[in-house]
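FYI, in the numbering used here the residues of the sequence shown are 17 to 369.
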Amino acid sequence: MQNTGKKQFIYSLGMFLAHSFFSLFILLSSVWFCLAIWIQQPLGQTFSYAFIAIWSVFALSILGFYFSRKILPRKTACLIYLVAFICSLLWYFNIPAKQDRQWSPEVSRIFSYQQQGNMVTIHNVRNFDWHSESQYDEHWDTRSYNLDHITGVNIITSYWMGPEIAHTLVSFNFSDQKPLVFSIEIRKEKTESFSAIGGFFRKFELSLIAADEKDIVYTRSNIRGEQVYFFPIKMPKREMKALFEAYLSKSSQLAQQPKWYNTLTSNCTTLVFDMIQAISPKKLPLDYRLFASGYLPNYLYDLGALNHEWTVKEWYQKAHINPRTAEFTHFKYPNSTNFSKVVRLGLPEEQAQ
């Protein structure tokens, strides 16, 4: 009798878990699909909202059929929903990323390059003069770099929605040329603004910008009022060069095949980590701070990429550039060279190893 009771309990528990899992799957997958329709609006706003309502009724009806078993057998109800959801996945994962949209001016161009040995010429280096978020003088430069003249790499974090989330940029120092910054960003259309939720649902293509520091850092610290931190990191010379070339390769890939930005998996921090992982002889540990990108400097400190003469708290205090850039517009010569000097004041210059 005890064995019979035990088997009955295990069976009942198994069925309860199976029913709970199926119910949770329907609810979560329906929420995901409705959000995808809401973001994409493939049928226009009115018809897309109508489709969301129809799908919601459909999903709830499947749950009702599943538990009542009066109209459809459970297996049939499961099969109907799975077929419908698989069709939704086929639609979603076949939404193509594009190059030919009406892009916002700051992401309208993809940089290109020619390389002969260590000499690299980059076209479409962004060098805007920003007056406000909507007012700027548009400049695109062509610059040449000798990769043997790289002297340092800097991680820049720009905070715009609390301490957990930051935008990550990578700046390269050169002995004979102004620094160059690479930034992985969303590629907005003229009518779009950033949406973290939209970034989960193929709303934005991926953009890789090569820019002057006075453009891409200044616009965050001085124009948008974001809190920006500048961290010179320790890295061997060969890895600096390999990282620079990885950015060039990424740009070529995006020019040939556009890709979607993803807030969680393909963003400004995770893609930088992937590139560094590919060139590093050591396997870098996965860490929650790669996704909570505001804590990336803490991760770098633990890896030994930041100088340990200072504590993490001291690093944040000294790396904060906003107090130094606040008066930049009042400088006698508010040019690119002086801006790069200002952001580095008081910071150690980690030379290529």
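Don't be surprised by glycine CBs; every beta carbon is placed ideally from N, CA and C.
Asked, Found
"Counted within 10 angstroms of its Cβ, other Cβ atoms place Leu361 as buried (16 or more) or exposed", "exposed"
"Three-way DSSP call (helix, strand, coil) for Ala368 in this model", "Any reading at Ala368 is ruled out, since the residue's pLDDT is 48, under 50, leaving its predicted position unreliable."
"Met256 - partner residues in DSSP beta bridges", "DSSP lists no partner for Met256."
"CB of Thr353 within 8 Å of CB of Lys114, strictly", "no"
"Phe101 versus Leu43, Gln243 and Lys86, residue with shortest Cα-Cα distance", "Leu43"
"Cβ pair Gln118, Lys206 closer than 8 Å", "yes"
"For Gln68, three-class secondary structure by DSSP", "A small correction: the amino acid at residue 68 is Ile; Gln does not occupy that position in the sequence shown. Here Ile68 sits in helix by DSSP."
"Whole runs of the beta strand (DSSP E) within the region 77-103, excluding any shorter than 3 residues", "none"
"Distance, Leu224 Cα to Phe198 Cα", "7 Å"
"Phe109 to Ile96 span [Cα, whole Å]", "20 Å"
"Host alpha helix (DSSP H) of Arg340 (start-end)", "Asn338 to Thr341"
"Alpha carbon of Trp326 to alpha carbon of Ala182, nearest angstrom", "22 Å"
"Alpha-carbon to alpha-carbon, Thr137 and Phe217", "35 Å"
"Sequence ranges, beta strand (DSSP E) only - wholly within the region 124-204, length at least 3", "128-132, 135-142, 156-162, 166-175, 182-190 and 196-203"
"Spatial distance of Glu180 from Gly310 (CA atoms)", "4 Å"
"Rounded straight-line distance, which links the Cα of Asn189 to that of Tyr332", "21 Å"
"Segment contact flag, the region 71-86 with the region 123-140, C-beta cutoff 8 Å, min 3 pairs", "no"
"First through last residue of the beta strand (DSSP E) which encompasses Gln243", "Gln243 to Ile249"
"Cβ separation of Leu222 and Lys299, assumed to be a contact under 8 Å, to the nearest whole Å", "So it is not a contact: roughly 25 Å between Cβ atoms."
"Continuous alpha helix (DSSP H) stretch holding Leu302: start and end", "First-last for Leu302: undefined, no H or E at that position."
"Pair within 8 Å by beta-carbon distance, Asp145 and Asp157", "no"
"Cα-Cα separation between Ser150 and Glu122, rounded to whole angstroms", "10 Å"
"Assigned exposure category for Asn351 - 16 Cβ within 10 Å defines buried", "exposed"
"Environment of Glu365 [buried if 16+ CB atoms lie within 10 Å]", "exposed"
"Beta-carbon contacts of Asn278 that lie in its chain and below 7 Å, excluding the five residues immediately before and after", "Gly215 and Phe216"
"Residues of its chain near Leu302, where Cβ-Cβ distance is below 8 Å and the 5 sequence neighbours each way are ignored", "none"
"Sequence-distant residues of its chain with Cβ nearer than 6 Å to Trp176 (five each side left out)", "Glu242"
"Euclidean distance between Cα positions of Phe289 and Thr92", "45 Å"
"Ile171 vs Ile232 beta-carbon contact at 8 Å", "no"
"For Asn278, three-class secondary structure by DSSP", "strand"
"Euclidean distance between Cα positions of Lys357 and Ala52", "45 Å"
"Per-residue DSSP class, three states only, for Trp326", "coil"
"Sub-8 Å separation of Ser187 and Asn338 beta-carbons", "no"
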